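Peer 1: Throughout the sequence shown, residue numbering follows my numbering, covering 3 to 145 in sequence.
Even glycine gets a Cβ: it sits at the ideal position worked out from N, Cα and C.
As the structure is a prediction and not an experimental result, all values here were calculated from the model.
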Amino acid sequence: MKRLHINLSVSDLDQSVEFYTQLFAAEPTKLKVDYAKWMLDDPRVNFSLTTHGGEVGIDHLGLQVDNDAEFEEMRMRLNNAQGPVLDQPDVTCCYARSTKAWVRDPSGIPWETFISRGDSVEFGDGSETRAQGAAEPTGACCR
3 MKRLHINLSV
13 SDLDQSVEFY
23 TQLFAAEPTK
33 LKVDYAKWML
43 DDPRVNFSLT
53 THGGEVGIDH
63 LGLQVDNDAE
73 FEEMRMRLNN
83 AQGPVLDQPD
93 VTCCYARSTK
103 AWVRDPSGIP
113 WETFISRGDS
123 VEFGDGSETR
133 AQGAAEPTGA
143 CCR
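1) Residue 99 bridges to which residues according to DSSP?
2) Quick one: using the 10 Å Cβ neighbour count with 16 as the cut-off for buried, is residue 21 buried or exposed?
3) Under the rule that 16 or more other beta-carbon atoms within 10 Å means buried, what is residue 31, buried or exposed?
4) Could you tell me which uninterrupted beta strand (DSSP E) segments, each at least 3 residues in length, are contained entirely in the region 9 to 68, listed from first to last along the chain?
5) Compute the Euclidean distance between the alpha carbons of residue 124 and residue 17, then round it to the nearest angstrom.
6) Since residue 88 sits in a beta bridge, which residues does DSSP pair it with?
7) Do residue 23 and residue 73 have their CB atoms nearer than 9 Å?
8) Taking 7 Å as the limit between beta carbons, can you name the residues of its chain near residue 41, skipping five residues before and five after?
9) Apply the 10 Å Cβ neighbour rule to residue 12 and answer buried if 16 or more other Cβ atoms are within range, or exposed otherwise.
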């Protein structure tokens with residue numbers, strides 16, 4: 003099953019967490035000093051905030067998948083829509099270990115598809131790898 007992913011860069015994480023906790027009527031499922039994430043079922047979204055990004059606003063969008071078959075399907079869709087795809091087969095980002103693929107849409111907005119493989123105690127930094135190729139991000143690793 004697929005889940006929409008939205009990552010925002012924020013200037014004040016504490017104020018933003020307070021706002022979105024009220025908006026979603028739910029506490030974050032993951033909360034760190036520099037990162038917060040809600041895994042919501044209504045709407046079905048992985049919504050995250052970070053202070054690691056560049057400008058305040060939408061950092062990137064994505065589609066989280068549950069298995070390798072869905073990942074390959076979404077990777078192919080990204081390639082067909084706006085390839086070439088930048089692959090990250092094993093990256094630590096946003097306190098998780100993941101397999102990712104990236105493109106930018108025609109307006110330059112980064113899109114990813116990813117499957118999380120487990121938690122990490124570190125935020126990680128996949129930005130160096132991502133910066134080489136299609137996505138060319140400048141901010142948070144979890145683009």
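Peer 2: By the coordinates alone:
1) Numbered from its first residue, the sequence shown carries residue 99 at position 97. DSSP lists 94 and 120 as the beta-bridge partner residues of residue 99.
2) Taking the first residue of the sequence shown as position 1, residue 21 is located at position 19. Label assigned to residue 21: exposed.
3) As a working note, residue 31 is residue 29 in the sequence shown. Residue environment: residue 31 is assigned as exposed (fewer than 16 neighbouring CB atoms within 10 Å of its CB, all protein chains considered).
4) Taken in chain order, the unbroken stretches of beta strand (DSSP E) that lie wholly in the region 9 to 68 and span 3 residues or more are 32 to 34, 37 to 43, 46 to 52 and 59 to 66.
5) Position 122 of the sequence shown, counted from the first residue, corresponds to residue 124. Position 15 of the sequence shown, counted from the first residue, corresponds to residue 17. Taking the straight line joining both Cα atoms gives about 23 Å.
6) Indexing the sequence shown from 1 puts residue 88 at position 86. Per DSSP, 104.
7) On the sequence shown, position 21 is the one that residue 23 refers to. On the sequence shown, position 71 is the one that residue 73 refers to. No, the Cβ-Cβ distance between residue 23 and residue 73 is not below 9 Å.
8) Position 39 of the sequence shown, counting from 1, holds the residue named residue 41. Cβ within range, chain order: 31 and 48.
9) On the sequence shown, position 10 is the one that residue 12 refers to. It counts as buried.
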